[in-house]
Amino acid sequence: MANSMIQFPTVKHIVLFTYIIIFSTGFGSLAALLVLSIRLKQPFTRRMLLVQGLFISSLALVAIYYYLMQVMGLVGPRQQQVETVFGTIGTLLNMGLYLGMWWILGLREFRKARGKLNLGARISCLVSVGIMVSGLAGSLLPTSFLHAMTPTSLWQIFVYLTVAVTLSLFGLNLIKADMQQQHHAYRLLVHGIGYCTLAFVPLSLLELFLNRATQNSLHPLSLEYLFYLGINTVVLVASIQSLAKNPNSATAFEPVSDTTLSRFSLTPREKEMTALIAQGLSNKEIAGHLGISEATVRTHIYNLFQKVGAQSRIELLNLLHE
760 MANSMIQFPT
770 VKHIVLFTYI
780 IIFSTGFGSL
790 AALLVLSIRL
800 KQPFTRRMLL
810 VQGLFISSLA
820 LVAIYYYLMQ
830 VMGLVGPRQQ
840 QVETVFGTIG
850 TLLNMGLYLG
860 MWWILGLREF
870 RKARGKLNLG
880 ARISCLVSVG
890 IMVSGLAGSL
900 LPTSFLHAMT
910 PTSLWQIFVY
920 LTVAVTLSLF
930 GLNLIKADMQ
940 QQHHAYRLLV
950 HGIGYCTLAF
960 VPLSLLELFL
970 NRATQNSLHP
980 LSLEYLFYLG
990 INTVVLVASI
1000 QSLAKNPNSA
1010 TAFEPVSDTT
1020 LSRFSLTPRE
1030 KEMTALIAQG
1040 LSNKEIAGHL
1050 GISEATVRTH
1060 IYNLFQKVGA
1070 QSRIELLNLL
1080 HE
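Heads up: the sequence shown begins at 760 in the working numbering, then just goes up one per residue.
1) Measuring only the C-alpha atoms, how far is MET854 from CYS955?
2) Does the Cβ of THR1018 have 16 or more other Cβ atoms within 10 Å, making it buried, or fewer, making it exposed?
3) Quick check on DSSP: helix, strand or coil for ASP937?
4) Report, in whole angstroms, the separation of the C-beta atoms of LEU856 and PRO802, which I expect to be a contact under 8 Å.
5) Kindly list the residues whose CB is nearer than 7 Å to the CB of ILE1073, restricted to its own chain and excluding five residues on each side of it in sequence; keep chain order.
6) Which residue from HIS950, ARG837, ALA819, ILE863 puts its Cα closest to that of GLU849?
7) When the Cα atoms are used, what is the spatial distance from GLU1044 to GLU1053?
8) Reducing DSSP to helix, strand and coil, say where LEU947 ends up.
9) If we ignore side chains and look at the alpha-carbon of each, how far apart do SER893 and GLN811 end up?
10) Do you know offhand how far ASN1077's Cα is from THR1033's?
11) Are the segment 912–919 and the segment 928–948 in contact at 8 Å, needing three or more beta carbon pairs?
12) When you compare only the Cα positions, how much space is there between LEU988 and PHE959?
13) So does the segment 921–941 actually touch the segment 879–896, counting three or more Cβ pairs closer than 8 Å?
14) Just how far apart, CA to CA, sit SER998 and PHE786?
15) Going by the CB atoms, is the gap between LEU1079 and GLU1029 shorter than 8 Å?
16) Kindly indicate the opening and closing residues of the alpha helix (DSSP H) around PHE986.
This is the structure we're talking about:
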């Protein structure tokens, strides 16, 4: 009778299953970002590859640590050594994450649109990195004053507020960025990540109250996992949209009218270049078709971007078909 009873999964198994779900969507989002980088050719997607990679690495570190401590039951002197090593690596990954956010905010599309907001966000990213450096120094240097300061409640509150401000400012920069002239998949990607980042703050605050009410009985399950899943979902959906044909906008295979070409005062070579771009040819293919070097092709495309006011091939075709 006892053997026939339903065996409910333990918290350990639920946690590991949650990590597996996030990992699967996380690796999928890395592949999706690679697709977006190729399709949209935007610096943001390439820099997000680094940030997303650091996200997944941090989560992997937490999963391995949880497995060693809770599933394998690692205790004793080795436990302290493992905690020190994992804590150091985790801090370094988080420092890289905030530096990656600072790098993203340095893009022209964010700097020119929201000057003070952008500056505040970038400074906040650097302050967060400084806090992590202080915390790392305090844990590795037991005799320093930082070792006595970092475990205090005031320090923890200061760290939480700094992280909250940093993520809020980062999210606002992405949400308020002007994406009207961009591909719809790119708008979804930037604004979607912005909203997910903004949601991180209330989620972490709600989790703080829940942990107080339940005496950390739900640990290590975290509402912050919704943040990771949200970003992964946004990236996956954006990559699908970048591959889909939008009937309301120019596609990569529609010809550009002579009237539109004349409106931008394009040279005969630039008109020829535009027609080949509209056919979806790569720089190498265009060079072979015209009998010129790839460097010359890049120069012509750069001049086209300057005249039309575009930053990518897709945006160029969209503007030429308006």
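Backbone N, C-alpha and C fix where the C-beta goes; we use that ideal spot for every residue, glycine too.
In this text the structure is predicted, and so the values were computed from the model without any measurement.
So, to answer that:
1) 20 Å
2) exposed
3) coil
4) So it is not a contact: roughly 18 Å between Cβ atoms.
5) LEU799, HIS942
6) According to the sequence displayed, residue 849 carries Gly and not Glu. For GLY849, the nearest C-alpha among the options comes from ALA819.
7) 9 Å
8) helix
9) 25 Å
10) 12 Å
11) no
12) 11 Å
13) yes
14) 13 Å
15) no
16) 983–1002
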